[in-house]
Each structure stands twice: as C-alpha cells, then as structure tokens.
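Just add 1317 to the spot in the sequence shown (first one is 1) and you have the working numbering. Heads up, the beta-carbon is just placed ideally off N, CA and C, and yes, glycines get one too. These numbers were taken from a predicted model, which means no experiment stands behind them.
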Amino acid sequence: MRDEPCFDAPRAHLPPMRDADAPRPLPTALADGSEAEDVPFGSLQACVGLRDWLLGEGARLPKADDLLAGMAEHLNALGVPVDRASTTIDTLHSEYSGVGRVWNRETGTSVRLFPHGEASVKAYRASPFYTVHESGEWLIMDLSETADDAYAVIPELKADGYTHYVVAPLIFTNGTKNGITFATRAEGGFRDEDIAILRFVMPTLAAVMEMRLLNKQLDTVLRIYVGDEPHRAILAGDIRRGQVRRIRSAILFADMRDYTRLSANRTPEGAVDLLNAFFDCLVPPIEREGGEVLKYLGDGLLAIFREPGDDLGGAAKSALMAAESALAALAEANAVGRFGEGARTVDAGIALHHGEAAYGNVGSGTRLDFTVIGRDVNLASRLARLNRTLQEPLLMSKPFVDFLWGDPEPLGSHALDGFDEPMPVFRPGRKAATKAAAE
C-alpha cells in the first residue's frame, strides 16, 4: 500500500495554521519515547500536554480523520512544521485490507481504501512503509537529495514543494505493521528537535490508534458476520441467554432451487463460488432498498425491511422492489454465464410476508447465537417451499398483500407445514404498489 493522496473529496478542513512560536528548548527523546534527565521543564510540559491530548480528547474523537488532523495541529503549535501527514492502517474487512488517510493544510483529511488483491500488495512492497517495516527503523529523507525513483510518492512530494519526509513504523501489540508519515515545506526541513518530538509522541499515538482500531474492528466484524440488528444488540449489551427482541417488518425469505444438484459435481471452492455469485444477485437489491440480511441459511437467506416511520406500506414496497430486482439480476447473471461456463441455470424462490420477526438469544455455556424465531418467520420459510410446487419465483402472503395497492394475483389457499389452516397465496400483478404510495 503506498502513501499517496486520495481521489475522493476532502472530508475535514482545518483553518490555516498560525505562525509557529520562536524555537525553544525541546526534549531530548529516545526512540522508545523516554526523555533525558536534562529536558527543560517547560518544553517537557508542552510535549506531555500533546501526549495527554492524545490519550484524552484525541482518543475520544468520533473519526480517525479528526485524530490525524488534530495531531498535526498540535504538532504545529509545538513548533514542528508539519504540512502533510498520512497514515496507513491494516484492518479486518471482507472487501479491503487497509485504510489510508492523508492530511494537509490546504484540503484537510481524505481517505483511501486498499482492496484485497495483488495490486495492493505490489503497491505496498514499492512503498516506504515496506522499508520501515522490514528494517524497524525510521526513514528520514531530505527530498533535495532523494532520487525520484526511490519511491512512487517522491516526485509528487517534490512537485508540491515539500522539502523533508519522515516515515515511521507503527507496530501494534498484536504484531500488525502500520505506518505514519510527516512532510514539511519548511526551508531546511525538520530540525533535530522536531524529529525528537515526533519520536517522543509516537508510542502514545500508536497505543491510541490501536485502541481505536480494535473498537472499529469489533464493530465491523460483528456487522459483517452477524448482521446489523444482532450487531447493534450485542454492542448494546444484550448478550444474556433468553433475551428476545421483536421487530415489525416485511420479511423476505429466499433460497436457491436445486442447490444439491447444482453443487454435486463442484469442488468445495466451486460450491462457495456458486453461493457467492448467487448472493451477489440477491443481497445488493435488498440493501439498496433498505433491507437487512439477518441470516444466511445454507443456500438461502432471511432479510427484513423495517417500517419507515408512519409509512405502513413502505416496508412492503421496498421488499417487493428488492425481490423483483434480485430476480432480474439473477436472470442477467444466467444470461452472461456468471455461474460458470456450461453451468445449469440457477433459479431462486422468494417469499414475502409481513409480521413480527423476533431475535432469540439462544445457546448454552459460552456459545450463544442470535436466532430469528417466531410464527411469522416460520410462515415466510414455509411459504418459500411453495415456489417449486406452484412454479412461481415470487410468492406473497395475505398479510403482505394487504399493504399493496394494485392487482396481486391470487393463487388459491395452500396448506403450510406447521399451520392448521390453509393460507391464501399471491403472486405480484403488473401494477402492484403500496397503499401509502397510492395515497
């Protein structure tokens, strides 16, 4: 991952820095952040003030962007002429391996994500971060004496008028290798005293950034693996066995038809690719319409669409639009052979219902799970079993249809496993819409 400006718009802005105070005695700091005994009290007090800010207000800032910007501002107040600062942090995420941030005086802070893949690995190996991670030492470059081909970012730094460039490793307690850079336009670059201050605050900055990263990773990983609603419940402290939450919503249940047959001759890796390609057709429309995937159930999934405020038909409209868009995406994927050359057609069965979804915190000992339970969830899953029987890709229940305005087509009443009375079943008509939308 290489240190370079991002291409998205700046997300934070700081006013121009005031002129630095006249140079004053500064702490003599070692690489581990310890001070020599002869540090003048006033200078040490100023540096300790920055360290206290990092551990206090800085650690509590809502955005990492603001931490980097605030750090730069405080360094400038100490007389360290930082005109540009950047960080590259490894992270746990299903789509990208790291996050880069760049702050400068003119545009504030911007963010770049590094996707998983060979391109990011190659960029990292060609960057100064790789050098400091391998050596464990700081890299301090006088840009007037640094060749343009030393690192990809060097020509850009020179063109922007920077004179001195410092790259430091940030090694977290779990061994993760991250990094931070500082650049200045000051004539003559950073002084020895400036480098000493940077070394002084670096252990504290690393500790604060690691703490923030761990909190962010907990939030991200929980959201990825258990979904939005269970993620919120867990972080809110609802982790006792037997706790139940109830949500009124439209319920979408979908699964792949003939998965056993389709996956029979595939390797485990091929079966996973098949499932991922299938879910790539279903999940984006669900999320685009405001739905939340609660559970992946083998070759199927369960999602809900919350009622948006007083719009009692809004959830039904969103669920229906998501279901129809998912089927359209699946048809397109089949047409272009996304499921593999020579693969059979992959079809889905989708059922829509409206009612109450309940989360039950179930399990035993130290292993618990948020399981979606309740009569309405069971009804949606049983309704989905009729897709094959009725040869219809999309079925709706009477409680769901009650929120639609238009011409849903009745398919008669059918027995559902576990329910005493036959249930009326419908498929979408040509002009189905919510009552709320019509009104």
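Classification of residue i by the beta-carbon crowding that lies within 10 angstroms, buried from 16 upward
{"i": "Arg-1605", "result": "exposed"}
{"i": "Thr-1345", "result": "For Thr-1345, the predicted model reports a pLDDT of 41, less than 50, meaning its position is unreliable; a value from the coordinates is still stated below. Buried, by the Cβ-count rule."}
{"i": "Ala-1697", "result": "buried"}
{"i": "Ile-1556", "result": "exposed"}
{"i": "Phe-1743", "result": "buried"}
{"i": "Ser-1403", "result": "buried"}
{"i": "Asp-1355", "result": "Here Asp-1355 scores only 35 on pLDDT, less than 50, and its place in the model is too uncertain to base an answer on."}
{"i": "Gly-1505", "result": "exposed"}
{"i": "Pro-1432", "result": "exposed"}
{"i": "Ala-1464", "result": "exposed"}
{"i": "Arg-1578", "result": "exposed"}
{"i": "Asp-1693", "result": "buried"}
{"i": "Val-1653", "result": "exposed"}
{"i": "Gly-1366", "result": "exposed"}
Reference residue i, options the options, closest by Cα
{"i": "Ala-1732", "options": "His-1450, Arg-1699 and Phe-1656", "result": "Arg-1699"}
{"i": "Val-1419", "options": "Tyr-1413, Val-1399, Ser-1461 and Ala-1436", "result": "Val-1399"}
{"i": "Thr-1426", "options": "Val-1742, Ser-1452, Lys-1380 and Leu-1669", "result": "Lys-1380"}
{"i": "Glu-1454", "options": "Arg-1516, Glu-1390 and Asp-1369", "result": "Arg-1516"}
{"i": "His-1671", "options": "Leu-1712, Gly-1682 and Asp-1664", "result": "Leu-1712"}
{"i": "Ala-1620", "options": "Pro-1547, Ala-1646, Lys-1475 and Asp-1466", "result": "Pro-1547"}
{"i": "Ala-1523", "options": "Met-1573, Leu-1384, Ile-1457 and Pro-1625", "result": "Leu-1384"}
{"i": "Ala-1650", "options": "Pro-1625, Leu-1637, Ala-1665 and Met-1638", "result": "Ala-1665"}
{"i": "Glu-1451", "options": "Pro-1472, Pro-1486 and Ala-1440", "result": "Pro-1486"}
{"i": "Thr-1683", "options": "Arg-1558, Gly-1396, Arg-1540 and Glu-1435", "result": "Arg-1558"}
{"i": "Ala-1550", "options": "Phe-1656, Phe-1687 and Asp-1509", "result": "Phe-1687"}
{"i": "Met-1638", "options": "Asn-1695, Val-1600 and Lys-1612", "result": "Val-1600"}
{"i": "Ile-1488", "options": "Pro-1710, Ala-1386, Val-1438 and Met-1519", "result": "Met-1519"}
{"i": "Gly-1607", "options": "Leu-1592, Phe-1596 and Glu-1624", "result": "Glu-1624"}
Residue i vs residue j beta-carbon contact at 7 Å
{"i": "Phe-1507", "j": "Thr-1498", "result": "no"}
{"i": "Val-1610", "j": "Gly-1544", "result": "yes"}
{"i": "Phe-1622", "j": "Ser-1714", "result": "no"}
{"i": "Ala-1588", "j": "Ser-1580", "result": "yes"}
{"i": "Ala-1648", "j": "Phe-1720", "result": "no"}
{"i": "His-1391", "j": "Thr-1537", "result": "no"}
{"i": "Gly-1478", "j": "Thr-1405", "result": "no"}
{"i": "Leu-1669", "j": "Phe-1717", "result": "yes"}
{"i": "Ala-1636", "j": "Leu-1703", "result": "no"}
Distance between residue j and residue i (C-alpha atoms, nearest Å)
{"i": "Ala-1640", "j": "Val-1416", "result": "34 Å"}
{"i": "Arg-1562", "j": "Leu-1685", "result": "15 Å"}
{"i": "Ala-1594", "j": "Tyr-1576", "result": "13 Å"}
{"i": "Ala-1469", "j": "Ala-1443", "result": "7 Å"}
{"i": "Cys-1598", "j": "Pro-1739", "result": "32 Å"}
{"i": "Asp-1382", "j": "Val-1679", "result": "39 Å"}
{"i": "Gly-1729", "j": "Leu-1707", "result": "10 Å"}
{"i": "Asp-1369", "j": "Ala-1553", "result": "29 Å"}
{"i": "Ala-1481", "j": "Glu-1423", "result": "At residue 1481 the sequence reads His, which differs from the Ala that was named. Answer to the nearest angstrom: the Cα atoms are 18 Å apart."}
{"i": "Gly-1617", "j": "Arg-1377", "result": "40 Å"}
{"i": "Gly-1746", "j": "Asn-1582", "result": "38 Å"}
{"i": "Phe-1736", "j": "Ala-1701", "result": "14 Å"}
{"i": "Thr-1521", "j": "Arg-1529", "result": "12 Å"}
{"i": "Met-1388", "j": "Tyr-1542", "result": "33 Å"}
{"i": "Tyr-1441", "j": "Asp-1466", "result": "15 Å"}
{"i": "Tyr-1413", "j": "Leu-1430", "result": "6 Å"}
{"i": "Leu-1539", "j": "Arg-1401", "result": "34 Å"}
{"i": "Met-1526", "j": "Leu-1614", "result": "37 Å"}
{"i": "Asn-1532", "j": "Glu-1374", "result": "16 Å"}
{"i": "Ser-1766", "j": "Gln-1560", "result": "Residue 1766 falls outside the range modelled here, since the chain spans only 1318 to 1756, and no answer is possible."}
{"i": "Glu-1673", "j": "Ile-1564", "result": "5 Å"}
{"i": "Leu-1474", "j": "Leu-1372", "result": "31 Å"}
{"i": "Ala-1646", "j": "Asn-1421", "result": "43 Å"}
Supposed close pair residue i, residue j - CB separation, criterion 8 Å
{"i": "Cys-1364", "j": "Ile-1512", "result": "With 8 Å as the limit, Cys-1364 and Ile-1512 do not qualify as a contact, their Cβ atoms being about 13 Å apart."}
{"i": "Pro-1602", "j": "Ser-1642", "result": "4 Å"}
{"i": "Val-1484", "j": "Phe-1446", "result": "7 Å"}
{"i": "Val-1449", "j": "Leu-1456", "result": "5 Å"}
{"i": "Asp-1590", "j": "Thr-1493", "result": "Asp-1590 to Thr-1493, Cβ: 29 Å. No contact."}
Closer than 6 Å: residue i CB and nearest the ligand MG heavy atom
{"i": "Leu-1474", "result": "For the structure depicted, the ligand MG is absent and the ligand set is empty, with no information on it obtainable."}
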